[in-house]
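In what follows, a structure is listed as structure tokens, so that the remarks can point back to it.
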Amino acid sequence: MGFLAATGRAFLIFLEATGKLAMFTGAALSHCVRPPFYPRQILRQMIDIGYYSLPVVGLTALFTGMVLALQSYSGFSRFQAEGAIATVVALSVTRELGPVLGGLMVAGRIGAAMAAEIGTMRVTEQIDALSTLSTNPFKYLVAPRLIAGLAMLPLLVLVADIIGVFGGFLVGVYRLDFNPASYISRTWEFLEPVDVISGLVKAAVFGFMVSLMGCYHGYHSRGGAQGVGAATTNAVVSASILILVWNYLITGIFFSTK
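Under my numbering, the letters of the sequence shown match residues 63 to 320, in that order.
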């Protein structure tokens, strides 16, 4: 009976957490589409998520494309299929590696920052002060971050796609001695619009998930500095897991018939 009780208790805790998250998400989404809005806060979050995340996302994409080209050449050379390297790099970066690695990098940087900032405001009662001043915390703190994450991560991933493909081009041309014109033509020949669009859709979903997890865990943090640290950790871990889960689901939607 002890095992059954522990199982039931864990299941009830899971349902409670799922319900809290669903209610928080519904409230946040409703405030994203209803006035009043705070353009200055939205712009500030867009700059923080987009502009300041560009160096780490760009470096990640560049070296991912370079390593992917090297590894593809190592494997394809066994089957005399070196000509497919450009196609593999372009498809891998635009479909999977660009959105997933970009989302994970942003989750580590922005998700943690959001949870720490909002969590500190919670434990120091600044969120209660906002309510006292007739400012809705969801509209002032949560909605701008969700809108900014939803808007900026696709732009980040689009830049990451270009940089990643360029990294593969650098390795292919200057390390593996491919013809530049042939490499570019192979890239354009097999790259379809759905490959890029699917990656951008993933990026929008990932940006929303990262912002949502950062805001949710920060908003519900308790217990002083230790609680803020736990909220920061939980935000990064939960956002990373959701990125991987939704990556599979969206891939299934776009490419299940191919």
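Quick reminder that beta carbons are idealized off the backbone N, C-alpha and C, glycines included.
Residue i and residue j: beta carbons closer than 8 Å?
i, j, result
"Thr-249", "Ala-152", "yes"
"Ile-305", "Val-162", "yes"
"Gly-165", "Ala-222", "no"
"Leu-274", "Ala-90", "yes"
"Phe-125", "Gly-229", "yes"
"Ala-329", "Pro-206", "In the structure as shown, the chain starts at 63 and stops at 320, and residue 329 therefore has no counterpart that could be examined."
"Gly-291", "Met-176", "no"
"Gly-120", "Met-214", "no"
"Gly-314", "Ala-297", "no"
Taking only three categories from DSSP, how would you classify residue i?
i, result
"Gln-24", "This structure leaves residue 24 out entirely; the chain is present only between 63 and 320."
"Tyr-236", "helix"
"Glu-254", "coil"
"Pro-101", "helix"
"Leu-121", "helix"
"Thr-80", "helix"
"Ala-293", "helix"
"His-279", "helix"
"Asn-241", "coil"
"Asn-309", "helix"
"Thr-197", "coil"
"Tyr-113", "helix"
"Arg-284", "coil"
"Gln-142", "coil"
"Arg-96", "coil"
"Ser-318", "coil"
In whole angstroms, what separates the C-alpha of residue i from that of residue j?
i, j, result
"Leu-83", "Thr-122", "31 Å"
"Val-167", "Val-118", "Checking the displayed sequence, the identity of residue 167 turns out to be Met instead of Val. Going by the C-alpha atoms only, they are around 7 Å apart."
"Leu-232", "Met-128", "7 Å"
"Ile-225", "Ala-148", "14 Å"
"Ala-243", "Val-219", "25 Å"
"Lys-201", "Ser-283", "19 Å"
"Thr-194", "Ala-178", "22 Å"
"Ala-301", "Gly-173", "8 Å"
"Gly-170", "Leu-159", "16 Å"
"Ile-312", "Thr-80", "21 Å"
"Asp-257", "Pro-199", "38 Å"
Any idea if residue i is buried or exposed, counting beta-carbon neighbours within 10 angstroms, 16 or more meaning buried?
i, result
"Ala-143", "exposed"
"Thr-156", "buried"
"Pro-97", "exposed"
"Leu-208", "buried"
"Asn-241", "exposed"
"Arg-331", "With the chain represented from 63 up to 320, any question about residue 331 goes unanswered, as that position is not in the structure."
"Ser-134", "buried"
"Leu-74", "exposed"
Less than 8 Å between the CB atoms is what I'm expecting for residue i and residue j, so what's the real figure, rounded?
i, j, result
"Leu-130", "Ser-154", "6 Å"
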